[in-house]
Structure formats: C-alpha cells, structure tokens
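J.: Take this structure first; my questions come after.
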Amino acid sequence: MTKEEVIELIDSSLAEEFELDRADMTPEANLYEDLGLDSLDTVDMVIVLEGAFDFKIREEEAVRAIRTLADIHNFVMHKIEQHS
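Note that the UniProt record's numbering gives residue 10 to position 10 of the sequence shown, counting from 1, and the numbers run on in steps of one.
Spelled out as structure tokens, the structure:
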C-alpha cells in the first residue's frame with residue numbers, strides 16, 4: 001500500500017465515521033480544534049483505524065501524542081512499516 005493510499009483510506013474512514021468535510025481535512029488540521037473531535041472521539045478513531053488497517057493500536061503510548069491528521073498518517077505508516 002502506497003503512502004497516498006494509506007492517507008486516502010485514513011481520511012475517508014475518518015470523514016465517514018465523524019461526518020467530516022473532506023475540504024477541512026488537510027494534513028495540518030488539528031483533530032480537536034479544527035475538526036471538532038473530542039477525547040471520546042479518540043477512542044472511536046482508534047477503533048476505525050484498527051478496522052481499516054487490521055492491526056491493534058489501543059495500547060500504544062504514541063496515540064496520545066496525535067494531534068493532527070499528519071500525525072495519524074505518520075503513525076499508521078510507521079505501524080505498516082513495522083509489520084512489513
């Protein structure tokens with residue numbers, strides 16, 4: 001899976017789950033301030049990503065540092081590289 005495919009899958013999955021406007025979903029978009037997610041949505045986001053990419057991330061400390069879409073993209077790419 002290419003980086004572009006990963007980004008598209010992440011963005012489309014999150015847009016669908018949280019009814020986000022794709023135009024607002026730029027890499028620098030802050031999940032909380034720009035996209036309106038809250039701490040409970042973070043749990044749902046983890047579940048959505050686990051389903052989309054078929055790996056577990058719930059116990060990862062790095063999830064707590066995620067603030068932007070780019071952070072999510074980089075986190076998932078790193079996970080994919082670890083499992084390759």
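Built from N, CA and C at the ideal position, the CB exists for glycine as well.
(1) Would you report the Cα separation of D44 and K3, rounded to the nearest angstrom?
(2) Considering only residues of the same chain and omitting the five flanking positions on each side of L9, which have a CB-CB separation below 7 Å?
(3) Work out the CA separation of H73 and Q82 for me, nearest whole Å.
(4) Could you check how far apart the C-beta atoms of M1 and I80 are, in whole angstroms? I think they sit under 8 Å.
(5) Would you list, in sequence order, the uninterrupted alpha helix (DSSP H) runs of no fewer than 4 residues that lie entirely inside the UniProt domain "Carrier" (1-80)?
T.: The relevant details are as follows:
(1) Translated into positions along the sequence shown, residue 44 becomes position 44. Translated into positions along the sequence shown, residue 3 becomes position 3. Spanning the two alpha carbons is a distance of roughly 23 Å.
(2) The count along the sequence shown starts at 1 and reaches residue 9 at position 9. Correct list, in chain order: A52.
(3) Position 82 of the sequence shown, counting from 1, holds the residue named residue 82. Position 73 of the sequence shown, counting from 1, holds the residue named residue 73. Between Q82 and H73, the C-alpha separation is close to 14 Å.
(4) Along the sequence shown, one-based indexing puts residue 1 at 1. Along the sequence shown, one-based indexing puts residue 80 at 80. With a contact defined as Cβ atoms closer than 8 Å, M1 and I80 qualify at about 7 Å.
(5) The UniProt domain "Carrier" (1-80) contains these whole alpha helix (DSSP H) runs: 3-18 and 39-53.
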